[in-house]
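Shown next, in structure tokens, is the structure this report addresses.
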Amino acid sequence: MNNLNDYNIAQCQEYCKSLSFYRNIEQDFDIIRWDKLWIDMRQTPRQRVGRSIFSMVPFFYLKPLLEKNPKTIYDLGAGWNIFKKYIPNIIGVSPSHNSDNYSDIHDIVNDKFIYGHQNYFTSVFSINALHFQSLINLKTIIQDFASMVAHGGCGFLSLNFMRMMERTPFEVLKQALGTNEPTTYNYSKYIREVLTDINLNYSIVDVDLTVLDEYMDGNIRIVFEK
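Start counting the sequence shown at 189; every next residue gets the next number (the working numbering).
Set out below in structure tokens:
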């Protein structure tokens, strides 16, 4: 499966600058980032802790969800729950053990949560929160997330490749990829085959492993309708 409607910086800028809350974000942060993949800027330590930075990239993928104008949009693994500050109908879900947790619902997205929310969410997204499993479980991760989207609903899921790789035994990985020396091409091919094998109505497929540890916005991004 090739990328479908993947990230376009000009389109993202045009869309985001039309949003009613964009100027609020500009006022709240020192630096606005538009780059597709998160690459650390060269800064002195004092700059690093003294400047606030915000990535607008997720709004490119949130656009299909926002355009449906749902009553509620759930953010699974919300953590800081920063998106709610600008989109009040977002409901953030995140574990309560995090002292910096500002979520609306304190819960863990585990098997119990998934089974209890089948066909539940009209609009739901998760950015770099559901990838703490082996890459071999990628199909299950996506299917579990999709199973919580109601019929007629929309979902945006983003995952960081490196968090899954850290949890994948190399011998298992070699067997799954069919090579003893896997390359970025092999990883990308495997991911795309998984996506192809899942029966979802994708509106966006964006797999980009140029940065393997994309810990801000993820490097496996899909948006789909159900």
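Beta carbons: idealized from backbone N, C-alpha and C, even for Gly.
Predicted model only: the values in this text are computed from it and were never measured.
Pairwise C-alpha distance: residue j and residue i
i, j, result
"Pro283", "Gly267", "8 Å"
"Arg409", "Ile392", "8 Å"
"Val382", "Leu361", "14 Å"
"Asp194", "Cys200", "11 Å"
"Ser208", "Asn368", "51 Å"
"Tyr290", "Ile302", "21 Å"
"Lys272", "Tyr203", "18 Å"
"Tyr378", "Leu365", "7 Å"
"Asn269", "Gly280", "6 Å"
"Trp222", "Asn196", "10 Å"
"Gln220", "Ser314", "The amino acid occupying residue 220 in the given sequence is Ile; Gln does not appear at that position. Rounded to the nearest angstrom, the two C-alpha atoms are 21 Å apart."
"His305", "Asn191", "29 Å"
"Phe309", "Asp299", "16 Å"
"Asp332", "Arg234", "42 Å"
"Val237", "Gln231", "10 Å"
"Arg239", "Asp405", "19 Å"
Where residue i falls, given that 16 or more other Cβ within 10 Å makes a residue buried
i, result
"Asp218", "exposed"
"Leu264", "buried"
"Pro246", "buried"
"Asp161", "Examination of residue 161 is not possible in this model, given that the chain is present from 189 through 414 alone."
"Asp394", "buried"
"Asp385", "exposed"
"Arg211", "exposed"
"Val337", "buried"
"Ile261", "buried"
"Val297", "buried"
"Val411", "buried"
"Asn407", "buried"
"Ser206", "exposed"
"Ile293", "exposed"
"Leu400", "exposed"
Contact check, residue i vs residue j, beta carbons under 8 Å
i, j, result
"Lys414", "Gly340", "yes"
"Leu225", "Thr372", "no"
"Phe242", "Ile275", "no"
"Leu347", "Leu318", "yes"
"Tyr403", "Asn316", "yes"
"Ser322", "Met350", "no"
"Ser311", "Lys256", "yes"
"Ile324", "Thr356", "yes"
"Phe344", "Tyr249", "yes"
"Met189", "Arg380", "yes"
Per DSSP, cross-strand counterpart(s) of residue i
i, result
"His339", "Note: His339 sits in no beta bridge, so no partner."
Can you check the segment 194 to 265 for any alpha helix (DSSP H) of at least 4 residues that lies completely inside it and give the ranges in chain order?
197 to 204, 210 to 216, 233 to 238 and 246 to 255
Go through the segment 320 to 385 residue by residue and report every complete run of the beta strand (DSSP E) that reaches 3 residues or more, in order.
Fully contained in the segment 320 to 385 are the following beta strand (DSSP E) runs of length 3 or more, in chain order: 337 to 347.
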